[in-house]
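See structure below.
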Amino acid sequence: MLYRILRLIAKLILKIFYSFEVKYEKNLPEGACIFVANHQSLLDPVVVACSVKRPVIFLASSELYKRRFLKYFLKIDKAIPIKKNSPDLNAIKQALFRLKEGNSIGLFPEGGISPTGKVEKMYEGAMYIAYKSGKPIVPVAIKGTREILPFGKYFPKFRGKIELKIGEPIYPNLNIDIKMEIVELRDKVMQNILTMLEE
Numbered sequence: 001m002l003y004r005i006l007r008l009i010a011k012l013i014l015k016i017f018y019s020f021e022v023k024y025e026k027n028l029p030e031g032a033c034i035f036v037a038n039h040q041s042l043l044d045p046v047v048v049a050c051s052v053k054r055p056v057i058f059l060a061s062s063e064l065y066k067r068r069f070l071k072y073f074l075k076i077d078k079a080i081p082i083k084k085n086s087p088d089l090n091a092i093k094q095a096l097f098r099l100k101e102g103n104s105i106g107l108f109p110e111g112g113i114s115p116t117g118k119v120e121k122m123y124e125g126a127m128y129i130a131y132k133s134g135k136p137i138v139p140v141a142i143k144g145t146r147e148i149l150p151f152g153k154y155f156p157k158f159r160g161k162i163e164l165k166i167g168e169p170i171y172p173n174l175n176i177d178i179k180m181e182i183v184e185l186r187d188k189v190m191q192n193i194l195t196m197l198e199e
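Take the sequence shown: its letter number 153 is residue 153 in full-length UniProt numbering, and every next letter is one higher.
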């Protein structure tokens with residue numbers, strides 16, 4: 001209930017202070033899915049959550065839980081803490097459990113906010129989760145949040161344009177070797193996001 005109230009407040013703020021636009025390439029799949037987006041700003045989880053008509057449980061860096069203000073909102077979202085720069089099997093297990101319950105999850109596979117705003121690499125955790133769960137990945141391209149709340153900043157500018165493009169679902173092929181499919185999924189997702197960012 002509190003999640004929905006905060007999401008409604010966030011939507012109102014986005015509509016009042018910003019030019020906020022969401023484009024869908026295709027309708028979202030029914031049931032649980034995995035939203036995978038580029039990461040430009042601390043605002044990114046907020047704008048993704050406000051762009052889809054379903055709750056999204058995000059995987060968030062365990063470092064963010066050290067900040068009291070952010071920790072409060074992460075708990076409301078029931079976010080899953082994940083260690084940076086190392087495989088976190090506990091976080092992956094929690095994500096798989098949430099998907100099995102019917103919840104959608106959100107990930108930023110670059111491993112953190114991009115200092116340059118460019119997508120230069122993607123870790124494969126999201127693709128592993130997709131393969132193990134059989135759930136589709138929905139690629140999301142985010143533009144504009146970096147200009148409103150830049151890397152390393154905590155107070156946003158109250159003007160600007162935010163644009164989200166939500167791509168066509170990408171389903172894992174469970175009939176081929178997991179290692180091969182994870183690499184293929186990563187390449188597909190990254191290329192899809194890069195293409196949407198360039199449009």
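Yeah, the Cβ is synthetic: ideal placement off N, Cα and C, and Gly gets one too.
None of these values were measured; they are calculated from a predicted model.
A direct Cα-to-Cα measurement between residue 75 and residue 10 gives close to 17 angstroms. At least 9 angstroms separates the beta-carbon of residue 180 from that of residue 141.
Residue pairing by DSSP places residue 140 opposite 37 and 166 in a beta bridge. Residue 3 and residue 171 have their C-alpha atoms some 28 angstroms from each other. Collapsing the DSSP output to three states places residue 60 in a strand.
Just so you know, the alpha carbons of residue 84 and residue 66 end up roughly 14 angstroms apart. Closest in C-alpha terms to residue 20, from the list 168, 51, 119 and 62, comes 51.
Residue environment analysis places residue 109 among the buried positions, since at least 16 neighbouring C-beta atoms fall within 10 angstroms of its C-beta. Cβ-Cβ distances below 7 angstroms link residue 155 to nothing in the same chain once the five nearest sequence neighbours on each side are left out. DSSP, reduced to helix, strand and coil, places residue 17 within a helical segment of the structure shown. Under the three-state reduction of DSSP, residue 111 is assigned to coil, being neither helix nor strand.
Residues 122 of the same chain have their beta carbon placed closer than 6 angstroms to that of residue 190, with the five preceding and five following residues left out of the count. At a Cβ-Cβ threshold of 9 angstroms, residue 57 and residue 80 count as neighbours. Residue 1 sits exposed, since fewer than 16 C-beta atoms from the chains shown fall within 10 Å of its C-beta.
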